[in-house]
Structure formats: structure tokens, C-alpha cells
Amino acid sequence: MRARIGIADTGREIEVEVGSRDEIVKRLESAYGDGVSFLWFQDAKGRDIGVPLERIAFVELVESPDKSVGFGR
Numbered sequence: 002m003r004a005r006i007g008i009a010d011t012g013r014e015i016e017v018e019v020g021s022r023d024e025i026v027k028r029l030e031s032a033y034g035d036g037v038s039f040l041w042f043q044d045a046k047g048r049d050i051g052v053p054l055e056r057i058a059f060v061e062l063v064e065s066p067d068k069s070v071g072f073g074r
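Read in order, the letters of the sequence shown correspond to residues 2 to 74 in the working numbering.
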């Protein structure tokens, strides 16, 4: 499953792989509850991405396709 995360006041979105819907929902809810300032993810290429929690505008969950077709990722 992929999570598309929108960053407030920018036109930028970050797309990361997550295990399951429940996993990402629990991570976000506990981060807000614990007062965490950054939430860290790892993208499909293995890069670590830190997202400031107060700057998250939205989170969209998308099912990952089983196979990639074409060029890229």
C-alpha cells in the first residue's frame, strides 16, 4: 500500500510505501497524541524522508499494484 502525503502551503506531495492501512493510521494517530514533531518514512528507493507533522495537509492511501509496467520505479 502507498501513502500519498500532501505538505501544507506547497504544491508538493510525498509518496511512500506503507505496510497496511491500519499501520499508517496507528502511526499518525500515536504521533499526534505523543507530540512528535517529525514522522519518518522510507520510500521505495530506500531513502529516509522526514515529514514535519504540523505541515501534513492530507494523507491519501492507495493500493499498490502487484507489478510495475513500463519505465521507472
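Glycine is no exception: its CB is placed at the ideal position from the N, C-alpha and C atoms. All figures in this text were calculated on a predicted structure; none of them were measured in a lab.
So, for D49: in the same chain, excluding its five sequence neighbours on each side, which residues have a beta-carbon less than 7 Å away from its beta-carbon?
In the sequence shown, counting from the first residue as 1, residue 49 sits at position 48. Once the five neighbours on either side are set aside, the close Cβ partners of D49 are W41 and Q43.
My assumption, with CB atoms under 8 Å, is that A9 sits in contact with V60. Please give the rounded CB distance.
Sequence index remark: in the sequence shown, residue 9 carries index 8 (1-based). Sequence index remark: in the sequence shown, residue 60 carries index 59 (1-based). Not a contact, Cβ separation roughly 12 Å.
Go ahead and pull the three-state DSSP assignment for D49.
Stepping through the sequence shown from its first residue, residue 49 is reached at position 48. Strand at D49.
Give the secondary structure of R13 by DSSP, where H, G and I count as helix, E and B as strand, and everything else as coil.
Translated into positions along the sequence shown, residue 13 becomes position 12. Coil, per DSSP.
Could you check what DSSP says for E61 in three-state terms: helix, strand or coil?
Numbered from its first residue, the sequence shown carries residue 61 at position 60. Strand.
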